[in-house]
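So that you can map any letter, position 461 of the sequence shown is 461 in the numbering used here, and since no number is skipped, the others follow by simple counting. Presented below is the structure to which this report refers.
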Amino acid sequence: MYDKRAALDAIDQVIAQGPFEPTWESLSHWKVPEWYENAKFGIFIHWGVYAVPAFENEWYPRNMYIQGSNAYEHHLKTYGPHKEFGYKDFVPLFRAERFDPEEWARLFAQAGARYVVPVAEHHDGFQMYRSELSRWNAYEMGPHRDVVGELKAAFEKRGMTLGVSSHRIEHWFFMSHGKEFESDMPAVPERDDLYWPSMPDSANLDDICGQPGPDGEFLDDWLVRTCELIDRYHPKVLYFDWWIQHENAKPYLKRLAAYYYNRAAQWGIEAAINYKHDAFLFGTAVPDIERGQMAECKPYFWQTDTAIALNSWCYTEHNDFRPAEDILCDLCDIVSKNGTLLLNVGPKADGAISEEDQKVLSGIGKWMAVNSEAIYDTRVWKVFGEGPTKVQDGHFSDAVKKNFTSEDFRFTQKGDILYVIAMKSAADGRYLVRSLRQQEHTAGAVFHGAVRKVEALASSTPVEWSRDGEGLHLFSAHQEAGPVVFRVTLG
């Protein structure tokens, strides 16, 4: 058992050394890392014990204890009574026989990812890294490997940046329903039990204000665990899920942010925290939109986290995979609005990445190999885009298919280069970009300067173009599996 008081004192000592204090005023001096604004595309990884049952989604450890649910009935039928086979009994089956961090790194780098964020601990409370604070971790159980440590080495070898994700705070309530009937879960779990604390929750988990807890003992543990993760792996992104928004967590968030940003300053790295809703004060971390996007361009940097599979963040036997073309359109839309895309992959329990996931990543990689200059290191233009297709604003809208047309365009900029991105190939090869109409013909035009040159990134054939009061007329016979990118030199 670790000395909690000593651990908390050590955290406070780092905070006291500055430059950041645990106040919103002090934390508001934090700046978004330039590397992060330039990266634009990252990979999220949901991989853990929940990949063993591979049923429905990564909430299986919770749902299997909710009587009458699909997961509960599946568990009874497949594994037997919960008192004889509970969630902890999946741990020895999580062997990761085919886990190859070098292969993962190759696949993600080939897809064009510049940063990678593995889930270090999900709601189930099982740590995917070596820890001194709990024996329920992948180094001491299951695979018997420091998964996050091995991934860090492999990713950084290929020039990708490591982030980590902690969903620990949701563990406060996540396993609680196992106490409602005879199962393997103790009525009062010991502090070093996987199931601790399993506290009751209300029916609506999104009603943060109406939820009891988490209490000081649990939040102390949360803080120490998170700081251990920071110190052990030096991540440059620290991602949190939605429940850190709970009012009880607010003082701890400020202490954690001060600790993390002070550590980053000590190590000479640029670091960022991801948050949802209003968990952090605006300007102290990077806001994140889960499975959704912004309808308009924002004057601040933000992130979308979404998954290749529409139905689950982890691998299941019945995942509904999105095509690469749809994800590429989302990437272009997000980047044009001052955002970055964190795209999730869910490996199988044995560590293999499914053929379906690989196919999507390969499709993204082929497009990025030709068109990435319109993505990396770019900034927003005067307008983010144009066209008839509207993007729904906010969380949980990625299942709404957008059906972009060849009249939908997105813009990014780098110096005197404007990237005009047609979200779909025109069947006749003809495009009209109205935002680039000539000023002398139309009052209030977006762009008043000259167009010097137009090229198609994916084709060596010259682009035919002209410009008038209607807009910039382009002709390119090239058909792309994904958005078509034109490099427009402005004068």
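A virtual CB, placed ideally from N, CA and C, is assigned to each residue, including glycine.
Opposing strand residues paired with residue i [DSSP bridges]
i, result
"T304", "I289 and L341"
"Q127", "E121 and N137"
"V433", "L472"
"N403", "Beta-bridge pairing links N403 to no other residue."
"Y275", "P287"
"A309", "F321"
"V116", "I43 and L162"
"R379", "Q413"
Limits of the beta strand (DSSP E) - the one that residue i falls within
i, result
"N492", "Absent from the structure is residue 492, since the part of the chain shown begins at 1 and ends at 491."
"T412", "F409 to K414"
"Y315", "From DSSP, Y315 is part of no beta strand (DSSP E); its letter is neither H nor E."
"F486", "V484 to L490"
"Y419", "I417 to A422"
"K453", "V451 to A456"
"E464", "E464 to R467"
"G163", "T161 to S166"
"G42", "F41 to I45"
From the options, residue whose alpha carbon lies closest to that of residue i
i, options, result
"C227", "A258, A426 and S425", "A258"
"H144", "R106, H171 and L93", "L93"
"L490", "S476, H448 and F174", "H448"
"E170", "R191, E180, G142 and P200", "P200"
"D305", "N344, P53 and A324", "N344"
"M368", "N311, Q110, Q358 and I43", "Q110"
"A51", "S312, R191, W302 and Y275", "S312"
"T340", "D100, T23 and Y115", "Y115"
"W243", "L253, P19 and A39", "L253"
"D428", "A477, G385 and V391", "A477"
"V49", "P61, K453 and K157", "P61"
"R191", "E73, Y239, P388 and Y2", "Y2"
"P212", "E56, A249, P189 and Y233", "A249"
"I364", "V148, A113, V188 and F90", "A113"
"R158", "F108, E121 and F174", "F108"
"D398", "K298, G268, D333 and Q266", "D333"
"A324", "H74, E455 and K366", "K366"
"L76", "S183, E373, D206 and P118", "S183"
"V164", "N274, I308, W302 and E455", "N274"
"H123", "K152, H82, F85 and S176", "S176"
"L229", "S134, D206 and E21", "S134"
7 Å CB neighbourhood of residue i in its chain, flanking five on each side removed
i, result
"W35", "T161 and E270"
"S354", "Y315 and K348"
"F181", "Q67"
"D393", "M294 and A295"
"E150", "P101"
"F218", "W172 and P197"
"V335", "K40, I375, T378 and T412"
"S202", "G210 and Q211"
Same chain, Cβ closer than 6 Å to residue i, five either side skipped, listed in chain order
i, result
"V14", "Y259 and N262"
"M423", "C329, F404, D408 and P483"
"G178", "Y65 and M185"
"A272", "P33, Y36, V237 and V286"
"E356", "F321"
"K88", "L194"
"E480", "S425 and A458"
"W104", "none"
"G125", "H171 and L194"
"W136", "F126 and L194"
"N63", "S69 and A71"
First through last residue of the alpha helix (DSSP H) which encompasses residue i
i, result
"Y259", "K250 to W267"
"R62", "Y60 to N63"
"R232", "G216 to Y233"
"E102", "P101 to A111"
"G365", "E355 to N371"
"L8", "K4 to A16"
"E25", "W24 to L27"
"Y79", "N70 to Y79"
"L498", "The first residue shown for the chain is 1 and the last is 491, placing residue 498 beyond what the model contains."
"L151", "V147 to K157"
"F282", "That residue, F282, is in no alpha helix (DSSP H); it is neither H nor E in DSSP."
"F173", "H171 to F174"
Spatial neighbours of residue i in its chain, beta-carbon cut-off 8 Å, leaving aside the 5 residues before and after
i, result
"D231", "R263"
"K4", "D220, D221 and V224"
"A54", "C314, Y315, T316, E317, K348 and A349"
"L8", "D220, L223 and V224"
"H395", "K276, I289, E290, R291 and G292"
Test: residue i CB closer than 8 Å to a CB of chain C
i, result
"R62", "No chain C is present in this structure, which holds just one protein chain."
At least 3 beta-carbon pairs within less than 8 Å: the region 460-472 vs the region 346-361: Two segments are said to touch when three or more pairs of C-beta atoms, one from each, lie closer than 8 Å; by this definition the region 460-472 does not touch the region 346-361.
Given 8 Å, three or more beta-carbon pairs between the region 276-283 and the region 22-29: Counting Cβ pairs under 8 Å, three or more are found: they touch.
Any 3 or more C-beta pairs closer than 8 Å across the region 137-156 and the region 94-104: With a cut-off of 8 Å on Cβ pairs, the region 137-156 is in contact with the region 94-104, counting three or more such pairs.
At least 3 beta-carbon pairs within less than 8 Å: the region 411-427 vs the region 372-391: Taking 8 Å as the limit for Cβ pairs, the verdict is that the region 372-391 does touch the region 411-427.
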